[in-house]
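Asks:
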Amino acid sequence: MSNQGNFCSTSLGMDCTNARFPANQGAGNAVPFKRIRVEVWRTDTNGNVLGTQPIGTSYTNLTGAYTVSWSYSSTPARVRVDFVYCHQDNRFCVQSETGLQWYNTMHSNVIPIANQDVPLGSWTWSNSNIGNVYDGASRVWEEAFRYSGQLQSVFNAVTIRYPDSSQGPGDAITTGANKTVSMADDCVSMPMNCIAHEFGHMASYLLKPFKFCGIYSSSFAVTSSEKYCTAFEEGLAQFLAQVSFYWFQAPAPRYCISASACGPSGGWSLETSSGSTCPAGSPRDSMITSARYLWDAYDTVNDSYGDSLNWDYFYLVNKISTWASGTANNQHVVDEPWNSALTSVDDDAGRAASDYQFLIDTAAAPSTTQYQNNCSPGGD
Amino acid sequence: MRFGAALSRRLSSSIFAVTLSGVAGYFIDTSSDAQATTTVTTAHSPKGSFDVRLSPSAQPTADGDELRVKVTLNNRTSGELDTALGFTLLDDTGEVWLPETITTPGRVPGKSIAVQDFIVPPGLPDGHYRLEVSTGSRSKPGEHPETHVQNVYLAISSGALSLPSPGDWLVKSRAMIDQNVPNPNRPNANPASDEEGSGDTQQTETGR
Numbered sequence: 380m381s382n383q384g385n386f387c388s389t390s391l392g393m394d395c396t397n398a399r400f401p402a403n404q405g406a407g408n409a410v411p412f413k414r415i416r417v418e419v420w421r422t423d424t425n426g427n428v429l430g431t432q433p434i435g436t437s438y439t440n441l442t443g444a445y446t447v448s449w450s451y452s453s454t455p456a457r458v459r460v461d462f463v464y465c466h467q468d469n470r471f472c473v474q475s476e477t478g479l480q481w482y483n484t485m486h487s488n489v490i491p492i493a494n495q496d497v498p499l500g501s502w503t504w505s506n507s508n509i510g511n512v513y514d515g516a517s518r519v520w521e522e523a524f525r526y527s528g529q530l531q532s533v534f535n536a537v538t539i540r541y542p543d544s545s546q547g548p549g550d551a552i553t554t555g556a557n558k559t560v561s562m563a564d565d566c567v568s569m570p571m572n573c574i575a576h577e578f579g580h581m582a583s584y585l586l587k588p589f590k591f592c593g594i595y596s597s598s599f600a601v602t603s604s605e606k607y608c609t610a611f612e613e614g615l616a617q618f619l620a621q622v623s624f625y626w627f628q629a630p631a632p633r634y635c636i637s638a639s640a641c642g643p644s645g646g647w648s649l650e651t652s653s654g655s656t657c658p659a660g661s662p663r664d665s666m667i668t669s670a671r672y673l674w675d676a677y678d679t680v681n682d683s684y685g686d687s688l689n690w691d692y693f694y695l696v697n698k699i700s701t702w703a704s705g706t707a708n709n710q711h712v713v714d715e716p717w718n719s720a721l722t723s724v725d726d727d728a729g730r731a732a733s734d735y736q737f738l739i740d741t742a743a744a745p746s747t748t749q750y751q752n753n754c755s756p757g758g759d
Numbered sequence: 274m275r276f277g278a279a280l281s282r283r284l285s286s287s288i289f290a291v292t293l294s295g296v297a298g299y300f301i302d303t304s305s306d307a308q309a310t311t312t313v314t315t316a317h318s319p320k321g322s323f324d325v326r327l328s329p330s331a332q333p334t335a336d337g338d339e340l341r342v343k344v345t346l347n348n349r350t351s352g353e354l355d356t357a358l359g360f361t362l363l364d365d366t367g368e369v370w371l372p373e374t375i376t377t378p379g380r381v382p383g384k385s386i387a388v389q390d391f392i393v394p395p396g397l398p399d400g401h402y403r404l405e406v407s408t409g410s411r412s413k414p415g416e417h418p419e420t421h422v423q424n425v426y427l428a429i430s431s432g433a434l435s436l437p438s439p440g441d442w443l444v445k446s447r448a449m450i451d452q453n454v455p456n457p458n459r460p461n462a463n464p465a466s467d468e469e470g471s472g473d474t475q476q477t478e479t480g481r
């Protein structure tokens with residue numbers, strides 16, 4: 380049963396054209412586990428697992444259905460079915476903060492009849508937050524990341540540590556070098572701002588490892604003024620994540636921080652383009668400004684300022700992996716913010732929006748209009 | 274009669290959202306909630322209009338421990354927010370023991386903090402529970418509120434209340450174990466009779 384917010388709701392007056400997370404998949408609805416690992420284990424009379432390996436393994440499909448073939452040396456066979464919170468192809472797993480792999484034990488049953496299909500399961504189960512974390516993560520993969528060939532190659536073996544008591548309320552962090560996302564307990568209800576946002580950071584790092592220049596404001600927020608390198612990485616992470624929720628034809632994509640839907644005026648519009656002057660409350664050096672520039676480079680919804688560029692998602696994603704290595708200032712290299720020893724930041728406008736613009740622009744398709752329409756998010 | 278129903282009736286007759294301090298229920302806090310980090314390769318999620326911190330504690334009484342939860346709401350915007358809190362008590366199977374109780378909406382000035390207490394009296398049966406605390410706020414009438422949902426995880430044993438971490442609670446409670454579904458091939462769907470030699474069909478064929 381979903382307990383996730385950030386869905387698009389037409390009953391609240393939102394325009395959900397091309398929205399990928401409609402209300403009927405959000406909080407209060409039964410949703411399927413997609414591509415989750417299913418294991419059949421032998422058990423003793425108390426339901427305790429026997430052996431060190433499952434006797435059958437499979438995965439659910441996109442509708443949550445599964446078939447597992449297994450064998451047992453005699454009948455009646457005593458088995459149980461575990462749903463292990465790992466995505467097919469080992470894209471990611473949800474583990475406890477101490478590294479234990481989460482799973483749900485679905486059944487402990489005696490199967491008395493051989494050579495016969497045995498239906499086990501119900502379509503509505505799981506009341507824990509773990510399942511919802513998995514659902515949020517699988518949404519990012521299924522709706523966005525899997526469309527990039529580069530992410531198909533590099534986005535694997537990612538660990539989600541949940542619930543992580545080291546994180547304060549609503550907090551989540553990504554440690555790229557460890558391929559780990561750590562999330563607070565309450566992050567489960569805000570997938571857009573937690574698991575999806577952090578997966579955006581993870582994708583950014585795995586595509587081209589870099590040293591993050593850090594958060595500089597004392598109270599980091601969607602509209603806080605940051606260094607350009609910070610604003611861009613945060614905006615990039617959010618853009619990469621946002622495509623899990625809205626696709627390129629959406630006229631009203633919103634970035635929502637709430638355990639429910641944000642409504643037509645809640646959160647922040649990604650489609651806002653105000654020209655050379657930034658919108659009130661959204662400074663040039665904020666993450667939302669960078670995210671809006673990226674969205675304009677992606678979407679097919681044209682602004683009144685002549686925006687007609689619409690790159691494919693995989694193009695914008697794959698370009699991250701082409702970032703040149705190095706620390707030289709004003710050279711559009713991935714560790715430009717840092718000195719050569721990577722011990723201090725000497726150019727906090729490096730690896731920023733203008734550097735990414737250098738990566739994606741072609742002579743035939745520059746993003747100059749989109750950059751300027753969003754008050755030029757900055758960089759050098 | 275379920276004890277939960279009796280507990281619910283008992284609580285419904287008392288005011289269990291206790292305002293602690295300040296004018297109209299809140300005080301101004303000038304402490305910083307700095308989140309600055311320059312750790313290599315880490316980056317964290319940004320904040321919205323407000324954040325909520327729960328400070329639970331077990332308080333001994335003559336009838337056993339009661340749960341006291343201090344709810345601190347930080348308005349990060351520069352304008353006033355109308356806020357309300359909702360409290361629901363559930364057990365580790367998701368069954369509701371105390372239906373949602375919603376506090377009277379209050380107004381929190383811009384860039385300030387409001388504090389409110391919530392109490393669950395002693396008397397819950399042994400087991401694992403979670404108190405779901407929902408917070409909603411909006412800056413103007415008619416606006417769809419921004420909401421947050423957090424949990425306080427508790428365990429009761431012989432009147433003593435403990436506050437495990439979320440992870441410990443999940444491991445020790447029934448939250449990760451779903452109820453058995455009867456095997457449709459069996460004439461007797463009672464799991465208690467699933468013992469070999471109790472009249473079940475015994476076969477020697479290799480299972481597929």
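Protein chains in written order, with this note's numbering: chain A, 380 to 759; chain B, 274 to 481. The beta carbon of each residue, even a glycine, is placed where N, CA and C say it ideally should be. It should be emphasised that the depicted structure is a prediction, and the values quoted were computed from it without experimental measurement.
Put A/Gln529 into one of helix, strand or coil per three-state DSSP.
Replies: A/Gln529: helix per DSSP, three-state reduction.
Asks: Hey, out of A/Pro542, A/Thr553, A/Ile552, A/Thr554, whose CA is closest to B/Val444's CA?
Replies: Nearest C-alpha to B/Val444: A/Pro542.
Asks: Between the Cα of A/Phe524 and those of A/Gly614, A/His580, A/Arg540, A/Gly478, spot the shortest distance and give me the residue it belongs to.
Replies: The shortest Cα separation from A/Phe524 among A/Gly614, A/His580, A/Arg540, A/Gly478 belongs to A/His580.
Asks: Can you tell me where the beta strand (DSSP E) with B/Asn424 in it begins and where it stops?
Replies: Start and end: 419-430.
Asks: Only counting the same chain, and skipping five residues up and downstream in sequence, which positions put a Cβ closer than 7 Å to that of A/Phe386?
Replies: Around A/Phe386: Phe400, Pro401, Ala402, Gln404, Gly405, Ala640.
Asks: Assuming contact is defined by CB atoms lying nearer than 8 Å, are A/Pro570 and A/Gly614 in contact in what I supplied?
Replies: Contact: no.
Asks: Which stretch, first to last residue, makes up the beta strand (DSSP E) that contains A/Met562?
Replies: Element bounds for A/Met562: 559-562.
Asks: How about A/Asn572: is its C-beta nearer than 8 Å to some C-beta of chain B?
Replies: Yes, A/Asn572 counts as interfacial toward chain B.
Asks: Under 8 Å, do B/Gly359 and B/Glu373 count as touching if we go by C-beta distance?
Replies: Yes.
Asks: Can you tell me whether A/Val713 sits near the ligand HEM, meaning its C-beta is under 7 Å from at least one heavy atom of the ligand?
Replies: In terms of ligand content, the structure shown is empty, and the ligand HEM therefore cannot be addressed.
Asks: Write down the C-beta distance between A/Ser733 and A/Gly758 rounded to the nearest angstrom, noting that I regard them as a contact closer than 8 Å.
Replies: Between A/Gly758 and A/Ser733 the Cβ distance is about 3 Å, and since that is below 8 Å, they are a contact.
Asks: So does the stretch 414-429 of chain B actually touch the stretch 317-324 of chain B, counting three or more Cβ pairs closer than 8 Å?
Replies: Contact holds: three or more Cβ-Cβ distances are below 8 Å.
Asks: Cβ atoms of A/Cys754 and A/Ser596: under 8 Å apart, would you say?
Replies: Not closer than 8 Å, so no.
Asks: Would you mind working out which of B/Val425, B/Pro382, B/Thr356, B/Ile450 sits nearest B/Tyr402, comparing C-alpha positions?
Replies: It is B/Val425 whose Cα lies nearest to the Cα of B/Tyr402.
Asks: Under 8 Å: do the stretch 429-445 of chain B and the stretch 396-413 of chain B share three or more Cβ pairs, one atom per stretch?
Replies: Yes, they touch.
Asks: How about the stretch 608-626 of chain A and the stretch 665-683 of chain A: do they share at least three Cβ pairs that are nearer than 8 Å?
Replies: A contact exists between the stretch 608-626 of chain A and the stretch 665-683 of chain A.
Asks: Using a Cβ-Cβ cutoff of 9 Å, what residues of the stretch 417-432 of chain B are near chain A? List them in chain order.
Replies: Under the 9 Å Cβ criterion, the stretch 417-432 of chain B contributes His417, Pro418, Glu419, Thr420, His421, Val422, Gln423, Asn424, Tyr426.
Asks: Just the C-alpha distance for A/Met485 and A/Phe693, rounded to the nearest angstrom, thanks.
Replies: So the alpha carbons of these two residues sit roughly 37 Å apart.
Asks: May I ask you to list the residues that DSSP assigns as paired with A/Phe471?
Replies: Beta-bridge pairing links A/Phe471 to A/Val537.
Asks: Do A/Asp664 and A/Glu612 have their C-beta atoms closer together than 8 Å?
Replies: Not a contact, by the Cβ cut-off of 8 Å.
Asks: May I ask you to report which of helix, strand or coil DSSP gives A/His711?
Replies: Coil.
Asks: Can you tell me the Cα-Cα spacing of B/Asp302 and A/Gln529, whole angstroms?
Replies: Only weak support exists for where B/Asp302 lies, its pLDDT of 22 falling under 50; the coordinates are left without a value.
Asks: If you count every other CB in all the chains shown that lies within 10 Å of the CB of A/Ala563, and 16 or more means buried, which is it?
Replies: Result: buried.
Asks: Taking CB distances under 8 Å as the criterion, tell me whether A/Gly758 reaches chain B.
Replies: No - not a single Cβ of chain B is within 8 Å of the one on A/Gly758.
Asks: Based on Cα-Cα distance, which residue from A/Asn681, A/Tyr750, A/Asp461, A/His576 lies nearest to A/Gly426?
Replies: When each option's Cα is compared against that of A/Gly426, the closest is A/Asp461.
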